[in-house]
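Numbering (our numbering), first residue to last: 678 to 809.
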């Protein structure tokens, strides 16, 4: 019985060590990082989708590759940005973020839509298309 537990524990550990970092951002990322100091400037021009996220949030991590793809494929229509809610609590409170991931769509600095929770790329594009 101890051997089985040891084998299962080893398998779980190996599995955890090989999970990719879904929140990793490459240097060629098209997703803009926002903070409290650059937020207002970052949302004032054009159509900007801001992802309110946290590093510990698994659905937020799952959104990262979706947002990267949308940022790359639709760069001519929309800017994709992200804001860490743990590091920018005042903005999280200002926009009444109570659950994450929370995506807020701004047009020239004004909020025009909210998308709550994880969405795959097709679902996200479907929600954004009316605003393009």
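Glycine is no exception: its CB is placed at the ideal position from the N, C-alpha and C atoms.
For clarity, every value in this text was computed on a predicted model and none was experimentally measured.
What's the gap between the Cα of residue i and the Cα of residue j?
i: residue 719; j: residue 711; result: 7 angstroms
i: residue 790; j: residue 806; result: 12 angstroms
i: residue 803; j: residue 742; result: 17 angstroms
i: residue 767; j: residue 799; result: 32 angstroms
i: residue 784; j: residue 749; result: 19 angstroms
i: residue 752; j: residue 731; result: 24 angstroms
i: residue 792; j: residue 747; result: 15 angstroms
i: residue 716; j: residue 739; result: 23 angstroms
i: residue 757; j: residue 775; result: 21 angstroms
i: residue 780; j: residue 765; result: 15 angstroms
i: residue 736; j: residue 801; result: 14 angstroms
i: residue 769; j: residue 723; result: 22 angstroms
i: residue 772; j: residue 714; result: 16 angstroms
i: residue 782; j: residue 721; result: 11 angstroms
i: residue 797; j: residue 705; result: 22 angstroms
Can you tell me which of the options puts its alpha carbon nearest to the alpha carbon of residue i?
i: residue 787; options: 725, 708, 806 and 709; result: 725
i: residue 795; options: 777, 721 and 782; result: 777
i: residue 745; options: 801, 708 and 809; result: 708
i: residue 733; options: 727, 771, 762 and 769; result: 762
i: residue 760; options: 727, 722 and 737; result: 727
i: residue 809; options: 706, 729 and 755; result: 755
Tell me the DSSP secondary structure of residue i in three-state form.
i: residue 756; result: strand
i: residue 800; result: helix
i: residue 748; result: helix
i: residue 815; result: A question about residue 815 goes unanswered here, because the residues of the chain that appear run from 678 up to 809.
i: residue 784; result: strand
i: residue 716; result: helix
i: residue 730; result: strand
i: residue 699; result: Unreliable positioning characterises residue 699 in this predicted model, as indicated by a pLDDT of 41, which lies under 50. The coordinate reading is nonetheless provided below. Of the three classes helix, strand and coil, the one that applies to residue 699 here is coil, per DSSP.
i: residue 693; result: The pLDDT assigned to residue 693 is 44, lower than 50, so where the model puts this residue is not dependable; a value taken from the coordinates is nonetheless given after this. Of the three classes helix, strand and coil, the one that applies to residue 693 here is helix, per DSSP.
Give a single yes or no on whether residue i has its beta carbon closer than 6 angstroms to a heavy atom of the ligand SAM.
i: residue 785; result: Questions concerning the ligand SAM fall outside what the structure shown contains, since it holds no ligand whatsoever.
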